[in-house]
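In this note's numbering, the protein residues as written are 1178 to 1467. The beta carbon of each residue, even a glycine, is placed where N, CA and C say it ideally should be.
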């Protein structure tokens, strides 16, 4: 039976999906890329990042979340762009994602490349058109700064580039693996928490605290993902295949504990949606493994 917090999570995903559809409808009449963009966005994504953004916003504010919906959609567009490009022949050359054909497999590598480009730029455009009566201009600029920093050269792109340079996964050091994880995965999760706090008009100190909370969540999320795929021989850079599982699980547990401790400093009400989020993440590696 679904409890109220789980239902809240589902409702937020549905809100993001509805808003994303609202944003891409005009593309149908104006761009030959519509079909590829539609496929790239609506091919089964869980919307974890934008939902976390909404969860953070609602844990900190009782106001309307319209600006946060804009921000969440922009973050999801950027995430989708990264997946489309990651699947391209020049990178992972994946034929399927979430059980469906990848964008470049259906539409060609050239259209796949351009679709990713379009989603990236549309993410920035979406933030730029947040109405001023929803969010002041300085906060909107801060959202753009964060998404470009965390999703750009010093965040996700750096992590992807560093991963590309590892020609033999068996020689990857633990520190390099953690750096890749922090940049490629945790950076966007960090953006989600920070952008939610900005939409809730929090102080820079609180936003910085959520930056660290997001890094902890992202690292733990990637470790949980690697744990689930630890027996998959096709996962060549899986941390659980390369390093001591006991140490990795300790790191997983430590990240969650640190994030929960920081959340308690902010003074959120007990049993907030963010508590549910971290309780859910904690269960992704069974208790008997901790």
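Per DSSP, the beta-bridge partners of residue 1273 are 1278. The DSSP-derived three-state label of residue 1380 is coil. DSSP places residue 1251 in the helix class (H, G or I) of the three-state scheme.
Counting every other CB atom within 10 Å of its CB across the protein chains shown gives residue 1250 a total of 16 or more, marking it as buried. Separation of the CB atoms of residue 1436 and residue 1393 is rounded to 4 Å, and the pair is thereby assigned contact status at 8 Å. A direct Cα-to-Cα measurement between residue 1202 and residue 1350 gives close to 46 Å.
Rounded to the nearest angstrom, the Cβ distance from residue 1265 to residue 1286 is 6 Å, consistent with a contact under 8 Å.
Assigned with DSSP and collapsed to three states, residue 1463 falls in coil, not helix or strand. Following the DSSP letters along the chain, one finds residue 1337 inside the alpha helix (DSSP H) bounded by residues 1333–1341.
Counting along the chain, residue 1432 sits inside the alpha helix (DSSP H) bounded by residues 1422–1443. Here residue 1267 is exposed, its C-beta having fewer than 16 other C-beta atoms within 10 Å.
Residue 1381 and residue 1313 have their alpha carbons spaced roughly 15 Å apart.
Our two residues, residue 1280 and residue 1303, have alpha carbons roughly 22 Å apart in a direct line. Rounded to whole angstroms, the Cβ separation of residue 1364 and residue 1332 is 4 Å, and the two are in contact under 8 Å. Per DSSP, residue 1209 is not a residue of any alpha helix (DSSP H), being assigned neither H nor E. Around residue 1340, the same chain offers 1357, 1361, 1414 as residues with beta carbons nearer than 8 Å, after the five sequence neighbours per side are excluded. The DSSP-derived three-state label of residue 1454 is helix.
Cβ-Cβ separation between residue 1297 and residue 1237: approximately 28 Å, too far for a contact (criterion under 8 Å). Straight-line spacing of the CA atoms in residue 1378 and residue 1316 works out to 8 Å. In this structure, residue 1182 sits near residue 1453, with a CB-CB distance shorter than 9 Å. Burial state of residue 1423 is exposed, judged by a 10 Å Cβ sphere holding fewer than 16 other Cβ atoms.
Counting the other CB atoms within 10 Å of its CB gives residue 1320 a total of 16 or more, which places it among the buried residues.
Going by beta carbons, residue 1327 and residue 1385 fall outside the 9 Å limit. Of the residues 1207, 1464, 1348, 1325, the one whose Cα lies closest to the Cα of residue 1372 is 1325. Taking residue 1227 as the centre and dropping the five residues before and after it, the same chain places the C-beta of 1193, 1249, 1252, 1253 closer than 6 Å to its C-beta, in chain order.
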